[in-house]
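Participant: One line per chain: the protein sequences are A and B, in this order.
The first sequence begins at 8 in this note's numbering and counts up one residue at a time.
The second sequence begins at 452 in this note's numbering and counts up one residue at a time.
Don't be surprised by glycine CBs; every beta carbon is placed ideally from N, CA and C.
This one's a predicted model, so the numbers in the text were calculated from it and none came from an experiment.
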Amino acid sequence: MTDLFNFPSIHNFPPFYTLQTQPTTRQTQIALWSEIILAYFMHHKLYRLELSESLNGELFDNKGIKRRLKLGTLQCIIDAMVKQGTAEWDLQSKKNVALIYWRKPEEWATIINNWVFNSGMTNSILTVYEIAHGDITEGLDFHGLDQTILLKSLDILVKRGLAQLFQGTSTEDMGVKFFGTNG
Amino acid sequence: MGNKTSKITSQDRAILDLKIQRDKLIQYQKKLQVISDKETEIAKQALRNGNKRGALLALKKKKYQEQLLKKTDSQLLNLEELTQSIEFALVEKDVLSGLELGNNILKEIHKEMTIEKVEKLMEDTADAIAYQNEIEELLSGKITREDEDEILEELRQIEEEQLEFPRIPTTPLNIADVEIQSTSQQKAKSETVQKETKKLEVTLI
């Protein structure tokens, strides 16, 4: 988290922080914002956007030009991203928390499945925890992946018949068994 | 993909339980590490404030956390070892059942080809071969007896013809005649050839 994200020059453009009224301008503005959000989240490997809290962060609060995004504007941007499939609202949060998909769950699913195949984990039992936080995935793209996104991706693999999620006998913690076949 | 629920066996569940235990231990270790790091900080802070007793207590706590960490390390190792031996035993079981299956199939195939059957088959084949040979003998025998002498005679004749030298002509040839004939004929021939080539040249140009 120490290395800095290079914001594009538009990030220093004051009108960029006010939602534009002209429809086409507004569309471009929203598209640019969603690009910045995706790039920023990818750079810092973040997955979860807490809207009201993030308004104080460097992403939406530009102290250099004293401009800050309003909550309503950000919600508008996220709404557009949801339509595009690059974000998803946390339904319980009432539009305050969103998952940011700089990689969609389908892509994560493929990446994880390929890793399982290439590392000979087929037919092994893995805990959901160790896929995202275990030593074996240290340094891999999906290390540290948000639990909700991870479960969504695993669900996709389950639907494709490539994996099965199941619980242990005594705990609520989930495990996965992968069945292999590449792709 | 058939029945999905059947793919998880009780062994799978047991392995998962062990791995979940391992995850919990790792998380517990992280917690211990954080606490013991904090105790060091506390001890330093206490020393700075001149509170020796507080610093000592913090260091004692830290020592205790470290001992716990060591204990959990060996527990972790035990867990890992157990899961790995279960996994390995499962692999061995798979290999064994694979071998068993192969053995059964081999047996079934052998059942289909008993020694008696093979012997009978070999006998039958030998009989058939003998029969075939008999037929061949009969057929080829007929040809040779009637025709072989004739064939051989014909062969001899052909050989003789080829061996004979060309005969020396009995009447002397008139060589001069032949030469003149041939030269005049050649002249005429070459003239016609020249004419034809000229014609061709003209048409081509």
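1) What first and last residue would you give for the beta strand (DSSP E) that runs through residue 55 of chain A?
2) Residues of chain B with CB under 8 Å from residue 85 of chain A, in chain order?
3) If you measure from the beta carbon of residue 480 of chain B to each beta carbon in chain A, is any gap under 7 Å?
4) Quick one, which of A:28, A:84 and A:115 has its alpha-carbon nearest residue 160 of chain A's?
5) Between the C-alpha atoms of residue 550 of chain B and residue 470 of chain B, what's the straight-line distance to the nearest angstrom?
6) Alpha carbon to alpha carbon, how far is residue 467 of chain B from residue 172 of chain A? Give it in angstroms, no decimals.
7) Taking only the alpha-carbon atoms, compute the straight-line gap between residue 26 of chain A and residue 113 of chain A and give it to the nearest angstrom.
8) For the segment 456-471 of chain B, which residues have a CB atom closer than 7 Å to at least one CB atom of chain A, in sequence order?
9) What whole-angstrom Cβ distance do residue 106 of chain A and residue 156 of chain A have, given they're in contact under 8 Å?
10) Can you tell me the Cα-Cα spacing of residue 169 of chain A and residue 84 of chain A, whole angstroms?
11) Check whether the Cβ atoms of residue 132 of chain A and residue 182 of chain A sit closer than 7 Å, and answer yes or no.
12) Residues of chain B with CB under 8 Å from residue 173 of chain A, in chain order?
13) Please work out which residues of its chain come closer than 6 Å, Cβ to Cβ, to residue 134 of chain A, disregarding the five sequence neighbours upstream and downstream, and give them in chain order.
14) Please tell me whether residue 132 of chain A has its Cβ less than 7 Å away from any Cβ of chain B.
15) On the premise that residue 483 of chain B lies in contact with residue 519 of chain B, defined as a C-beta separation below 8 Å, what is that separation, rounded to the nearest angstrom?
16) Taking just the CA atoms, how far does residue 490 of chain B sit from residue 177 of chain A?
17) Evaluate residue 454 of chain B with the Cβ neighbour count: other Cβ atoms within 10 Å of its Cβ, from every protein chain shown; 16 or more gives buried, anything less gives exposed.
18) Under a CB-based cut-off of 7 Å, is residue 182 of chain A close to chain B?
19) For residue 76 of chain A, which residues in the same chain have their Cβ closer than 7 Å to its Cβ, ignoring the five residues on either side in sequence?
20) State the CB to CB distance for the pair residue 472 of chain B and residue 541 of chain B, rounded to an integer number of angstroms; the pair is presumed to be in contact (CB under 8 Å).
21) Taking DSSP as the reference, what is the three-state secondary structure of residue 68 of chain A?
22) Using a beta-carbon distance below 7 Å, is residue 575 of chain B in contact with chain A?
23) Using the beta-carbon count (16 or more within 10 Å), is residue 139 of chain A buried or exposed?
24) Going along chain B in order, which residues have a C-beta closer than 9 Å to the C-beta of residue 60 of chain A?
25) Tell whether a beta-carbon distance below 7 Å holds between residue 487 of chain B and residue 503 of chain B.
26) Can you find a C-beta in chain B that's less than 7 Å from the C-beta of residue 176 of chain A?
27) Any Cβ of chain B within less than 7 Å of the Cβ of residue 136 of chain A?
28) Using the Cα positions of residue 560 of chain B and residue 570 of chain B, report the straight-line distance between them to the nearest angstrom.
29) Taking just the CA atoms, how far does residue 641 of chain B sit from residue 615 of chain B?
30) According to DSSP, is residue 17 of chain A part of a helix, a strand, or is it coil?
31) So is residue 474 of chain B in contact with chain A if we call contact Cβ pairs under 7 Å?
32) Between residue 481 of chain B and chain C, is the shortest Cβ-Cβ distance under 7 Å, so that the two count as touching?
33) Leaving out five residues before and five after residue 79 of chain A in sequence, what residues of the same chain have Cβ atoms less than 6 Å from its Cβ?
34) In chain order, which continuous runs of the beta strand (DSSP E) of length 3 or greater are located wholly inside the segment 97-149 of chain A?
Facilitator: In terms of the structure at hand:
1) Translated into positions along the first sequence, residue 55 of chain A becomes position 48. Taken as a continuous stretch (DSSP letters only), the beta strand (DSSP E) holding residue 55 of chain A covers 55-57.
2) In the first sequence, counting from the first residue as 1, residue 85 of chain A sits at position 78. Those within 8 Å of residue 85 of chain A in chain B number zero; the least Cβ separation is about 32 Å.
3) As a position in the second sequence, residue 480 of chain B is number 29, starting the count at 1. Chain A, which has no Cβ nearer than 7 Å to the Cβ of residue 480 of chain B, makes this no.
4) Reading the first sequence from its first residue, position 153 is the one you call residue 160 of chain A. Nearest C-alpha to residue 160 of chain A: A:115.
5) Residue mapping note: residue 550 of chain B aligns to position 99 of the second sequence, counting from 1. Residue mapping note: residue 470 of chain B aligns to position 19 of the second sequence, counting from 1. Taking the straight line joining both Cα atoms gives about 30 Å.
6) Taking the first residue of the first sequence as 1, we reach residue 172 of chain A at position 165. Taking the first residue of the second sequence as 1, we reach residue 467 of chain B at position 16. Rounded to whole angstroms, residue 172 of chain A to residue 467 of chain B spans 11 Å at the Cα level.
7) In the first sequence, counting from the first residue as 1, residue 26 of chain A sits at position 19. In the first sequence, counting from the first residue as 1, residue 113 of chain A sits at position 106. Computed Cα separation, rounded: 32 Å.
8) 458, 459, 463, 464, 466, 467, 468, 470 and 471
9) The residue labelled residue 106 of chain A in the question sits at position 99 within the first sequence. The residue labelled residue 156 of chain A in the question sits at position 149 within the first sequence. About 6 Å; that satisfies the 8 Å criterion.
10) Taking the first sequence and counting its residues from 1, the one referred to as residue 169 of chain A is at position 162. Taking the first sequence and counting its residues from 1, the one referred to as residue 84 of chain A is at position 77. The alpha-carbon atoms of residue 169 of chain A and residue 84 of chain A are separated by roughly 35 Å.
11) Position 125 of the first sequence holds residue 132 of chain A. Position 175 of the first sequence holds residue 182 of chain A. Yes.
12) Translated into the one-based positions of the first sequence, residue 173 of chain A becomes position 166. The contacting residues are 459, 463, 464 and 467.
13) Here residue 134 of chain A corresponds to residue number 127 of the first sequence, with the count starting at 1. Only 182 meet the Cβ criterion.
14) To locate residue 132 of chain A, count along the first sequence from 1; it is residue 125. It does: the Cβ of residue 132 of chain A has a partner Cβ on chain B nearer than 7 Å.
15) Counted from its first residue, the second sequence places residue 519 of chain B at position 68. Counted from its first residue, the second sequence places residue 483 of chain B at position 32. Correct: roughly 6 Å between the Cβ atoms.
16) Looking up residue 177 of chain A in the first sequence gives position 170. Looking up residue 490 of chain B in the second sequence gives position 39. Whole-angstrom Cα-Cα distance: 34 Å.
17) Working through the second sequence from its first residue, we reach residue 454 of chain B at position 3. With a pLDDT of 45 at residue 454 of chain B, under the threshold of 50, the predicted position of this residue should be treated as unreliable, though the coordinate-derived value follows. Its Cβ having fewer than 16 others within 10 Å, residue 454 of chain B is exposed.
18) In the first sequence, the residue the question calls residue 182 of chain A occupies position 175. Yes, residue 182 of chain A counts as interfacial toward chain B.
19) Counting from 1 along the first sequence, the entry for residue 76 of chain A is found at position 69. Excluding positions up to five away in sequence, the list reads 24, 62 and 67.
20) Residue mapping note: residue 472 of chain B aligns to position 21 of the second sequence, counting from 1. Residue mapping note: residue 541 of chain B aligns to position 90 of the second sequence, counting from 1. With 8 Å as the limit, residue 472 of chain B and residue 541 of chain B do not qualify as a contact, their Cβ atoms being about 18 Å apart.
21) Taking the first sequence and counting its residues from 1, the one referred to as residue 68 of chain A is at position 61. The answer is strand: DSSP assigns residue 68 of chain A an E or B state.
22) Your numbering for residue 575 of chain B matches position 124 in the second sequence. Chain A contact via Cβ: absent.
23) Numbered from 1 along the first sequence, position 132 holds the residue referred to as residue 139 of chain A. Residue 139 of chain A is buried by the Cβ-count criterion.
24) On the first sequence, residue 60 of chain A is found 53 positions in, with the first residue counted as 1. By Cβ distance, chain B contributes nothing, its closest Cβ being about 23 Å from residue 60 of chain A, past 9 Å.
25) Position 36 of the second sequence, counting from 1, holds the residue named residue 487 of chain B. Position 52 of the second sequence, counting from 1, holds the residue named residue 503 of chain B. Not in contact: residue 487 of chain B and residue 503 of chain B (Cβ atoms no closer than 7 Å).
26) In the first sequence, the residue the question calls residue 176 of chain A occupies position 169. It does; some Cβ of chain B falls within 7 Å.
27) Residue mapping note: residue 136 of chain A aligns to position 129 of the first sequence, counting from 1. For residue 136 of chain A, the answer is yes, since a Cβ of chain B falls inside 7 Å of its Cβ.
28) Mapped onto the second sequence, residue 560 of chain B falls at position 109. Mapped onto the second sequence, residue 570 of chain B falls at position 119. Taking the straight line from one Cα to the other gives about 16 Å.
29) Counting from one through the second sequence, the residue named residue 615 of chain B turns up at place 164. Counting from one through the second sequence, the residue named residue 641 of chain B turns up at place 190. The alpha-carbon atoms of residue 615 of chain B and residue 641 of chain B are separated by roughly 38 Å.
30) For this step, residue 17 of chain A is matched to residue 10 along the first sequence. Three-state result, residue 17 of chain A: helix.
31) What you label residue 474 of chain B is simply residue 23 of the second sequence in a count that begins at 1. Residue 474 of chain B counts as touching chain A.
32) Of the chains in the structure shown, none is chain C; the protein chains are A and B.
33) Position 72 of the first sequence, counted from the start, is the residue given in the question as residue 79 of chain A. If we look at residue 79 of chain A and ignore the five residues flanking it on each side, it has no Cβ neighbours.
34) 104-107 and 132-134
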